[in-house]
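Enquirer:
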Amino acid sequence: MSTRTTKSLEGKVVVVGSQGVGKTSVVIRYVGGMFSKAVSPTIGASFFTYKFNLGNYRVKLQVWDTAGQERFRSMAPMYYRKANAAMLVYDITSSDSFYDIKDWVKELKNNVDTPLVLCLVGNKCDLEESRAVSKDEAEEYASSINSLFYETSALKNMGVDEAFLQVAKQMVHLYETNPNSGLNTMDLYMKSESTHSDDNNTDIKLDAKTSPNNSTSGSGCGC
Amino acid sequence: MAEAKEADRLPDHVDHYESSDQGDFNENEAPGDSHEKILIASDSYEDLNYDDIAVSSFGKPYSGSIIDIVRHNSCSDEKEADASSLNLINESSAESSNEDQNEGQVKDLSADKVPEDVGEGMKLEIRENEDFGPEWRQKKKHLFIFSSAGKPIYSRHGSEDKLVTIMGVMQALVSFVQVSGDNMRCIIAGDHKFIFLNRDQIVLVGVSSAGDSSTQIVLQLSYVYNQIISVLTYTSLHKIFKQRRNYDLRRLLSGAEKFIDNLVNMMDTEPGFLLGAIRCLPLDAPVREMIEQTIVLNAKVKDLVFAVMLANNQLISLVRMKKYFLSAMDLHLIINLVNASESFKTAESWTPICLPKFDSSGFLQAHISYLDENSQTCLLLLSVDREAFFTLSECKNKIQERLLKYNSLRAISDSLATTSYSIQQCGITDLRHFLYKSKSIAQYTSPELEAPYLTPADQERLFGLYHYLHHRIHSPARPLKILYYVGEQETLLGWMTQGFELYTVFGPLVTKTNAIHAINKLLRWIKKEEDQLFILNSVTF
Chain A
66 MSTRTTKSLE GKVVVVGSQG VGKTSVVIRY VGGMFSKAVS PTIGASFFTY KFNLGNYRVK
126 LQVWDTAGQE RFRSMAPMYY RKANAAMLVY DITSSDSFYD IKDWVKELKN NVDTPLVLCL
186 VGNKCDLEES RAVSKDEAEE YASSINSLFY ETSALKNMGV DEAFLQVAKQ MVHLYETNPN
246 SGLNTMDLYM KSESTHSDDN NTDIKLDAKT SPNNSTSGSG CGC
Chain B
160 MAEAKEADRL PDHVDHYESS DQGDFNENEA PGDSHEKILI ASDSYEDLNY DDIAVSSFGK
220 PYSGSIIDIV RHNSCSDEKE ADASSLNLIN ESSAESSNED QNEGQVKDLS ADKVPEDVGE
280 GMKLEIRENE DFGPEWRQKK KHLFIFSSAG KPIYSRHGSE DKLVTIMGVM QALVSFVQVS
340 GDNMRCIIAG DHKFIFLNRD QIVLVGVSSA GDSSTQIVLQ LSYVYNQIIS VLTYTSLHKI
400 FKQRRNYDLR RLLSGAEKFI DNLVNMMDTE PGFLLGAIRC LPLDAPVREM IEQTIVLNAK
460 VKDLVFAVML ANNQLISLVR MKKYFLSAMD LHLIINLVNA SESFKTAESW TPICLPKFDS
520 SGFLQAHISY LDENSQTCLL LLSVDREAFF TLSECKNKIQ ERLLKYNSLR AISDSLATTS
580 YSIQQCGITD LRHFLYKSKS IAQYTSPELE APYLTPADQE RLFGLYHYLH HRIHSPARPL
640 KILYYVGEQE TLLGWMTQGF ELYTVFGPLV TKTNAIHAIN KLLRWIKKEE DQLFILNSVT
700 F
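These protein sequences, in sequence, are chains A and B. In terms of my numbering, the first sequence is numbered consecutively and its last residue is 288. In terms of my numbering, the second sequence is numbered consecutively and its last residue is 700.
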């Protein structure tokens, strides 16, 4: 699939946020294309990979879906170290989960020295009736931290693909414009990647992925 | 690291018993005996007393001897003459009553005023609160955990928030006794035992009317304590409470309650915890060898300490770093972690885990993944390197590939499909069920539960019988080598030697001679099957 002219880009995405906001559901919706009601709390962190084509790039996302539980908080650096992007997930029905994002942003800014694509994700947007965080407020906050912003519903499959796609686009942009993006280390991965192309299940979904056009619901207000 | 005791034993090739199925089994030829250390039987039940668990690796020593009160509903005609040691609080205090000498009298809170008041107080609380109605009270086993400042941490039944007053009362009791330099250990109230385990910063209270002995409950509590350590490490638990004595530990344990829930539920049904032994998945020796070799070949990476393969709470293989050993208790916690977590089934996971017996001060990093599509066979790679995820992920892929190629995963799922073996296979009439533990390898085997133990109630009763037999044989005051006990519905025969522990359940009409013949025959059968039932070789990287 990948011709020699196509560049390969490998990006590490860390998904953070409070307990029970739906981080795993969002990731599984994106990677596995499904929603399970019986997602059990993540222990430590789960690792997913997702590959797709984006313009001239063959993008491989390494997604670290972290546990939201307090006790794993001290482990977080292990997962966000060398990350290229962070999905900051909160639950639109819980203002606490939204305020927790601010701590995360602070922590990430202090500890990650490479440029980091941020994407604020307000999950559970199907629960409009119990909304506790207004879209305006979140949008305003997102632009103040120079972050993308999407409201998503893993349940109804709204916004998830767009959010990840925008993150990937930003990473490509970052790679092209910023030589110190941290993403240029991918040259190493490029070689090694050609030797083992595992993840065949993710390849299957590629077609659905390569034509991302449908929605502009989220306002990509990043840089 | 505690060294497992090297029991004296005979070489495995002594085969002279083959000739006949009559005659005595040489008790030195323990089936499943091995010179090699596979698992550390660190918590052999005999060693379990307050001194041991309190001192072993952490905390300051407690004084005093083991407690032992016995009350058994099912087998109550037995006089518990061996229950001679104290049952309540102060060894020295006159307050501890003499009820233990005759359990028939133990129908009420017999200790003096302190516990009595408390008992009343508790009842009052319970009545006041609708959430803790008859249903709550009738639960056979309760578990409460609170901090030494009295903050609730966990309750098995009911919300610990609403139980805050009860825990307050318990905390008051504990500290009242502590003031006089003693430790609260046990209260007997009718059929109920309240067992207290006071560790550095947290107090665990087990309440049971199920008939387990005090020591058995202490063992259960120490499993739970170790589960908490496994989530937090002793070091951070200690640090937290040093900084803030009234810290609400639930913050840090949130999400880990299910491990405790799962652990206590497992302890109610799984004899391995009681025996301090692991059950292995029965596999033909060459298959197991092949799996072990696969792991050794493909996971020989720096800093990988243990590779554990599990299926359905049974051990398939364990490969360890040369210098290090895994204790049975730690392995139980690993099994509990896997058993309680659905999330490992969705993707490869990378999670910290502390193994208290191995090192209570820090975390190992565990790469956890399932090798088959049905999520049955779970592989855990435990490393000290926090950055090793991708290396281990690669190891896992190679292992998986090779196991698929050689059909090992198929063999595992075939073995799982037949849950265990039928008692029929042993070919002994009137033998209904048994537990056999080989001490040197800390592993046990038992057949499937068949009629008449098909309903949960009957299984619970059977388990109760094993608890009774186990307790009598391990009674600290009067340990027994052999116990033959005729009950109403079954006859029990327990035998303990240096190499093994055997607990058998016969029909009620078996004679003593027949039962003894039968266990000789059974031991020969186990010996014959030992390669399949146990892991006898210790494999290292």
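We put the CB at the ideal spot given by N, CA and C, even for glycine.
Threshold first: 4 residues or longer. Then list the alpha helix (DSSP H) segments lying entirely within the segment 661-691 of chain B, N to C.
Expert: As far as the segment 661-691 of chain B is concerned, it has no whole alpha helix (DSSP H) run of at least 4 residues.
Enquirer: Taking just the CA atoms, how far does residue 447 of chain B sit from residue 560 of chain B?
Expert: Taking the first residue of the second sequence as 1, we reach residue 560 of chain B at position 401. Taking the first residue of the second sequence as 1, we reach residue 447 of chain B at position 288. C-alpha separation (whole angstroms): 16 angstroms.
Enquirer: Within a Cβ cutoff of 7 angstroms, which residues of the same chain sit near residue 520 of chain B, ignoring the five residues on either side of it in sequence?
Expert: Mapped onto the second sequence, residue 520 of chain B falls at position 361. Result list for residue 520 of chain B: 392, 393, 394, in chain order.
Enquirer: Going by Cα to Cα distance, which pick from B:372, B:195, B:188, B:570 is closest to residue 627 of chain B?
Expert: Working through the second sequence from its first residue, we reach residue 627 of chain B at position 468. Of the candidates B:372, B:195, B:188, B:570, the one whose C-alpha sits nearest the C-alpha of residue 627 of chain B is B:372.
Enquirer: Select from B:482, B:304, B:401, B:310 the residue whose C-alpha is nearest the C-alpha of residue 698 of chain B.
Expert: For this step, residue 698 of chain B is matched to residue 539 along the second sequence. Checking every option, the nearest Cα to that of residue 698 of chain B belongs to B:482.
Enquirer: Could you name the residues of the segment 355-386 of chain B whose beta carbon sits closer than 9 angstroms to any beta carbon of chain A, in the order they occur along the chain?
Expert: Flagged: no residues at all.
Enquirer: So if I threshold CB-CB distances at 7 angstroms, which residues from the segment 531-547 of chain B count as touching chain A?
Expert: Those residues of the segment 531-547 of chain B that come within reach of chain A (Cβ to Cβ, closer than 7 angstroms) are 545.
Enquirer: For a minimum of 3 consecutive residues, which ranges assigned as the beta strand (DSSP E) are wholly contained in the segment 449-503 of chain B?
Expert: Listed in chain order, they are 463-470, 473-479.
Enquirer: Step through the CB atoms of chain B and report whether any lies within less than 8 angstroms of the CB of residue 196 of chain A.
Expert: As a first step, residue 196 of chain A is located in the first sequence; it is residue number 131 there, counting from the start. Not closer than 8 angstroms to any Cβ of chain B, the Cβ of residue 196 of chain A fails to qualify, so no.
Enquirer: Kindly say whether residue 152 of chain A, judged by its beta-carbon, lies nearer than 8 angstroms to any beta-carbon of chain B.
Expert: Position 87 of the first sequence, counting from 1, holds the residue named residue 152 of chain A. It does not: the Cβ of residue 152 of chain A has no partner Cβ on chain B nearer than 8 angstroms.
Enquirer: Alpha carbons only, please: which of B:198, B:643, B:691 is nearest the one belonging to residue 672 of chain B?
Expert: For this step, residue 672 of chain B is matched to residue 513 along the second sequence. Here the closest residue by C-alpha is B:643.
Enquirer: Give every residue of the same chain whose Cβ lies closer than 8 angstroms to the Cβ of residue 495 of chain B, excluding the five residues on either side of it in the sequence, and list them in chain order.
Expert: Sequence index remark: in the second sequence, residue 495 of chain B carries index 336 (1-based). Counting only Cβ-Cβ distances below 8 angstroms, and skipping sequence neighbours, we find 386, 418, 421, 422, 425.
Enquirer: Put residue 316 of chain B into one of helix, strand or coil per three-state DSSP.
Expert: Numbered from 1 along the second sequence, position 157 holds the residue referred to as residue 316 of chain B. Looking at residue 316 of chain B - three-state DSSP - the assignment turns out to be coil, as it is neither helix nor strand.
Enquirer: Which chain A residues sit within Cβ distance under 9 angstroms of residue 479 of chain B?
Expert: Numbered from 1 along the second sequence, position 320 holds the residue referred to as residue 479 of chain B. Result: empty, since nearest Cβ-Cβ is about 22 angstroms, beyond 9 angstroms.
Enquirer: Should residue 94 of chain A be flagged as near chain B, meaning a C-beta pair shorter than 8 angstroms?
Expert: Counting from 1 along the first sequence, the entry for residue 94 of chain A is found at position 29. It does not: the Cβ of residue 94 of chain A has no partner Cβ on chain B nearer than 8 angstroms.
Enquirer: Taking C-beta to C-beta, are residue 485 of chain B and residue 465 of chain B nearer than 8 angstroms?
Expert: What you label residue 485 of chain B is simply residue 326 of the second sequence in a count that begins at 1. What you label residue 465 of chain B is simply residue 306 of the second sequence in a count that begins at 1. Taking 8 angstroms as the Cβ cut-off, residue 485 of chain B and residue 465 of chain B qualify as a contacting pair.
Enquirer: Pick from B:408, B:442, B:616: whose alpha carbon is nearest that of residue 688 of chain B?
Expert: For the purposes of this step, residue 688 of chain B is identified with residue 529 of the second sequence, where counting begins at 1. Among B:408, B:442, B:616, the Cα nearest to that of residue 688 of chain B belongs to B:442.
Enquirer: Any Cβ of chain A within less than 8 angstroms of the Cβ of residue 505 of chain B?
Expert: Indexing the second sequence from 1 puts residue 505 of chain B at position 346. It does: the Cβ of residue 505 of chain B has a partner Cβ on chain A nearer than 8 angstroms.
Enquirer: What do you get for residue 581 of chain B, buried or exposed, if any count of 16 or more other CB atoms within 10 angstroms of its CB means buried?
Expert: Counting from one through the second sequence, the residue named residue 581 of chain B turns up at place 422. By the neighbour-count rule (16 or more Cβ atoms within 10 Å), residue 581 of chain B is not buried but exposed.
Enquirer: Does the beta-carbon of residue 510 of chain B have 16 or more other beta-carbons within 10 angstroms, so that it is buried, or is it exposed?
Expert: In the second sequence, the residue the question calls residue 510 of chain B occupies position 351. Buried is the call here.
Enquirer: Measure the C-alpha to C-alpha separation of residue 475 of chain B and residue 449 of chain B and round it to an integer number of angstroms.
Expert: Position 316 of the second sequence, counting from 1, holds the residue named residue 475 of chain B. Position 290 of the second sequence, counting from 1, holds the residue named residue 449 of chain B. If you take the alpha carbons of residue 475 of chain B and residue 449 of chain B, they lie about 11 angstroms apart.
Enquirer: Is there a C-beta anywhere in chain A that falls below 8 angstroms from the one on residue 428 of chain B?
Expert: Along the second sequence, read from residue 1 onward, the residue named residue 428 of chain B stands at position 269. Not closer than 8 angstroms to any Cβ of chain A, the Cβ of residue 428 of chain B fails to qualify, so no.
Enquirer: Could you have a look at residue 123 of chain A and say whether DSSP puts it in helix, strand or coil?
Expert: Indexing the first sequence from 1 puts residue 123 of chain A at position 58. Residue 123 of chain A falls in the strand class under three-state DSSP.
Enquirer: Can you give the Cα-Cα distance for residue 196 of chain B and residue 207 of chain A, rounded to whole angstroms?
Expert: Reading the second sequence from its first residue, position 37 is the one you call residue 196 of chain B. Reading the first sequence from its first residue, position 142 is the one you call residue 207 of chain A. Approximately 57 angstroms, taken between the alpha carbons.
Enquirer: Beta carbons nearer than 9 angstroms to chain B: which residues of the segment 95-124 of chain A have them?
Expert: Answer in chain order: 96, 97, 101, 103, 104, 105, 106, 107, 108, 109, 110, 111, 112, 113.
Enquirer: When the Cα of residue 354 of chain B is compared with those of B:529, B:595, B:364, which residue comes out closest?
Expert: Counted from its first residue, the second sequence places residue 354 of chain B at position 195. When each option's Cα is compared against that of residue 354 of chain B, the closest is B:364.
Enquirer: Taking its Cβ as the centre, do 16 or more other Cβ atoms sit within 10 Å of residue 164 of chain A, making it buried, or is it exposed?
Expert: For this step, residue 164 of chain A is matched to residue 99 along the first sequence. Exposed: under 16 other Cβ atoms inside 10 Å.
Enquirer: Do residue 470 of chain B and residue 440 of chain B have their C-beta atoms closer together than 8 angstroms?
Expert: Walking along the second sequence from the start, residue 470 of chain B turns up at place 311. Walking along the second sequence from the start, residue 440 of chain B turns up at place 281. For residue 470 of chain B and residue 440 of chain B, yes; Cβs fall inside 8 angstroms.
Enquirer: Short of 7 angstroms Cβ to Cβ, which residues in the segment 415-427 of chain B face chain A?
Expert: From the segment 415-427 of chain B, only 415 have a Cβ closer than 7 angstroms to chain A.
Enquirer: Where do the N-terminal and C-terminal ends of the alpha helix (DSSP H) with residue 142 of chain A fall, by residue?
Expert: Your numbering for residue 142 of chain A matches position 77 in the first sequence. Element bounds for residue 142 of chain A: 141-145.
Enquirer: Against residue 509 of chain B, what residues of chain A qualify as contacts under a CB-to-CB distance less than 7 angstroms, listed in chain order?
Expert: Translated into the one-based positions of the second sequence, residue 509 of chain B becomes position 350. Going along chain A in sequence order, the residues near residue 509 of chain B (Cβ under 7 angstroms) are 109, 110, 112.
Enquirer: What does a CB cutoff of less than 7 angstroms around residue 283 of chain B pick up in its chain, not counting 5 residues either side in sequence?
Expert: Position 124 of the second sequence, counted from the start, is the residue given in the question as residue 283 of chain B. Low confidence applies here, because residue 283 of chain B scores a pLDDT of 46, under 50, leaving its location unreliable; read the following figure in that light. Answer for residue 283 of chain B: no residue qualifies.
Enquirer: Per DSSP, what kind of secondary structure is residue 629 of chain B in: helix, strand or coil?
Expert: Looking up residue 629 of chain B in the second sequence gives position 470. Helix, per DSSP.
Enquirer: Beta carbon of residue 478 of chain B: closer than 7 angstroms to some heavy atom of the ligand ZN?
Expert: Although the ligand ZN was asked about, the structure shown includes no ligands whatsoever.
Enquirer: What does DSSP give as the partner residue(s) for residue 240 of chain A in the beta ladder?
Expert: For the purposes of this step, residue 240 of chain A is taken as the residue at position 175 of the first sequence. Paired residues: none, contrary to the question.
Enquirer: Give the DSSP-derived three-state secondary structure of residue 402 of chain B in the structure shown.
Expert: On the second sequence, position 243 is the one that residue 402 of chain B refers to. In the structure shown, residue 402 of chain B sits in a helix (DSSP, three-state: H, G or I).
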